[in-house]
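FYI, the numbering for the sequence shown is 180 to 410, going by our numbering.
For each residue, glycine too, the CB sits at the ideal point set by N, CA and C.
In this text, all values refer to a predicted model and were calculated from it rather than measured experimentally.
Reviewing the structure listed below.
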Amino acid sequence: MQKMHTDRVKLWLSSITLILFIGAVSSSLGEDDDTIQIWNKFTIPNYEQGKIRFRTVAQVRGVDLYNRFQRWHFTETVRYQLFDHTAVSLSGSILKPNIPTRESAPLEYRLVPRIIHQIPLTEDFTLSITNRFDFRWFEDQEDMSNRSRFMIGFKYDLPSDLPLRYFFGSNEIFYDWRAGGINQYRLTPIGMAFELNKHAIFETYYMIRFVENGSPWDRGHTFGTHLRFKF
């Protein structure tokens, strides 16, 4: 039992060390875009029966502590548990950005299929791999602007008697179909989740965003929250 606990601690520390190392290396890449974004997300489950789940997600984003509103989006998702560690989902989204140089920005519509793998490495540590495809339409454009996204992440569960329930982190890569290359990635070196009560989980995290904008890339910083309701 003691050896198993020691192995879990070693795995956890090794994973955190790797994520922080990636973050340290990444922080030297690109140039800061001199903005700090705040992302706030809310998830409400609508229906859950057996292997099927429906949920509603709303998100608002602001720049420099909401001195400038950036965008909001609203999403409906259905998810089906295909196998023990593999699920598929389909989302439909509508987004409204705020573009300072335009009086009225066009709406964006998305259809997003996903394949999600969640691989438990130990009782407490889970590795996740998500393949996502964004099919995107804009009101003022005839052509679609599609992209693929690949994300690898981790989740480390803590004892259930603690308000701090788990740590998490991830790295996501964006591949633009039209441009034919990678044009963005998002590194979340660390995030934490707190159980507010039996019906709500509050997540908070820090993210570094890298966006292609010539050479070097732009580097931006994001502080995010995610309030998950469960009934």
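**Distance between H378 and E321 (C-alpha atoms, nearest Å)** = 43 Å
**Item:** L286 versus Y335 - alpha carbon distance
**Value:** 37 Å
**Contacts around H405, its chain only, beta-carbon distance under 6 Å, and the 5 residues preceding and following it disregarded** = K220, E382
**Message:** Tell me the DSSP secondary structure of Y245 in three-state form.
**Reply:** coil
**Asked** How big is the Cα-Cα spacing for F314 and I223?
**Response** 24 Å
**Request:** On the DSSP bridge assignment, give the partners of A372 in chain order.
**Result:** Y345, E382
**Item:** DSSP beta-bridge partners of M323
**Value:** In DSSP, M323 forms no bridge with anything.
**Prompt:** Hey, I369 and F346 are a contact pair by Cβ (cut 8 Å); roughly how many whole angstroms apart?
**Reply:** 7 Å
**Endpoints, beta strand (DSSP E) assigned at E287** = 287-299
**Request:** May I have the straight-line CA-CA distance separating V236 from R250, to the nearest angstrom?
**Result:** 14 Å
**Message:** Nearer than 7 Å: is that true of the beta carbon of V242 relative to any heavy atom of the ligand HEM?
**Reply:** Among the components modelled here there is no ligand, and therefore nothing to report on the ligand HEM.
**Request:** Assign F262 to one of three DSSP states: helix, strand, or coil.
**Result:** coil
**Asked** Between R289 and R328, what straight-line distance do the alpha-carbon atoms span, to the nearest angstrom?
**Response** 14 Å
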